[in-house]
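Residue numbers for the sequence shown follow the numbering used here, beginning at 978 and rising by one.
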Amino acid sequence: MQTDRRISLVLFLNRLSVFLVMLLWTLDKFLNPTHAARVMEQFYFLSGVSQTLLSMVGVTELVILVGFLIGYQKRITYGAVLLFHLVSTLSTAKFFLAPFSNLLYFAGWPMLAACVALYSLRDLDTIAVS
């Protein structure tokens, strides 16, 4: 397999896996708004977030995620996904001070690295989803 093809495949697999995780976070806003509101309060210090606002955020995220998945406007969609995940990772910083209380939060770092790689190498991410 040619190097360019291998790079494209690896970037596509990263894009697909990041999309799947972010999709579940987005769907949580629609399917379990009470949980999503608690997350907003605990990690982003936004209390009293209405279901309407959660739905609006969810729709916006979903549109960006679909664009990310299909490779549309890569600078914007890949950048937005990187920003979403950066904020998400940094919002859990208090858990990094006591790493063995919940190791799951550390999974955010490799995913953040994948988002950085995807944004940095977006021109080489050439496998289309249609």
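Where is the CB? At the ideal position from N, CA and C, for every residue including glycine.
A distance below 8 angstroms separates the beta carbons of Y1055 and L1095. In terms of Cα proximity to I1104, the closest of T1037, L1046, A1014 and W1086 is L1046.
The beta carbons of L1031 and A1057 sit no closer together than 8 angstroms. Under the three-state reduction of DSSP, V1026 is assigned to coil, being neither helix nor strand.
Membership of A1014 in the alpha helix (DSSP H) is indicated by the continuous run P1010 to Y1021. Out of S1097, T1029 and M1088, the CA that lies nearest to the CA of L993 is found in M1088. Closest by C-alpha distance to V1034, out of W1086, D1005 and T1069, is D1005.
One thing to note: L988 has its Cβ within 8 angstroms of the Cβ of L1101.
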